[in-house]
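Below is one structure, written out as structure tokens; the observations come after it.
In my numbering, the protein residues as written are 27 to 186.
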């Protein structure tokens, strides 16, 4: 498109956004076809895959059991010319392993508490946090990415 400016994030900028963003908007598909949209805390696992945990009986899990397609969005910025975002059309993988969920809870908890990411297995023998038995971990496997950085649309003399 002539005159169009590229505002997409490059891979390094996508990584920085995922590391710094606080909320993942998660859209699954209800049985009647309407979207079910919820905000979730999230992090990336040791392989760099976006993960979040939720109660095993939640609406989003019921939706993803029926149809694993979802769209997730992270976006930051207050003013229009500050907005940066990354949207992923994806497939969800539901992990029902309490030990893996305990690890996910520890990694996500560290991010939001401002602590160092835990190294290795976060479980201590058979002692898992009670929440790990009630929750599941969702791994988000992207099929299509869309991104934007409206700061790139500013005239070069206004960029900070």
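Heads up, the beta-carbon is just placed ideally off N, CA and C, and yes, glycines get one too.
Cβ separation of residue i and residue j, assumed to be a contact under 8 Å, to the nearest whole Å
i           : j           : result
residue 47  : residue 100 : 4 Å
residue 87  : residue 80  : 6 Å
residue 174 : residue 131 : That pair is no contact at about 31 Å.
residue 158 : residue 128 : 4 Å
residue 71  : residue 180 : About 35 Å separates the two Cβ atoms, so there is no contact after all.
residue 50  : residue 43  : Contact doesn't hold; Cβ gap of about 11 Å is too wide.
Range covered by the beta strand (DSSP E) that runs through residue i
i           : result
residue 168 : 161-175
residue 108 : Here residue 108 belongs to no beta strand (DSSP E), and DSSP marks it neither H nor E.
residue 33  : From DSSP, residue 33 is part of no beta strand (DSSP E); its letter is neither H nor E.
residue 65  : 61-66
residue 53  : 50-55
residue 95  : 95-102
Cβ neighbours of residue i in the same chain (closer than 6 Å, five flanking residues each side left out)
i           : result
residue 115 : 97, 169, 170
residue 166 : 76, 98, 116
residue 60  : none
Continuous alpha helix (DSSP H) stretch holding residue i: start and end
i           : result
residue 127 : 124-139
residue 87  : 85-92
Cβ-based neighbour list, residue i, same chain, cut-off 8 Å, excluding 5 preceding and 5 following
i          : result
residue 40 : 112, 171, 173
residue 62 : 53, 54, 55, 56, 85, 86, 89
residue 82 : 122, 160, 161, 162
Nonlocal neighbours in the same chain, by C-beta distance under 7 Å from residue i, ignoring five residues either side
i           : result
residue 143 : 133, 136
residue 69  : 77, 133, 134, 137
residue 93  : 55
residue 33  : 174, 175, 176, 178, 179
Residues sharing a beta bridge with residue i, DSSP
i           : result
residue 116 : 96, 168
residue 75  : In the DSSP output, where bridge partners are listed per residue, residue 75 has none listed.
residue 69  : 77
Residue i CB to nearest heavy atom of the ligand FAD below 7 Å
i           : result
residue 101 : Among the components of this structure there are no ligands whatsoever, and the ligand FAD is therefore not found.
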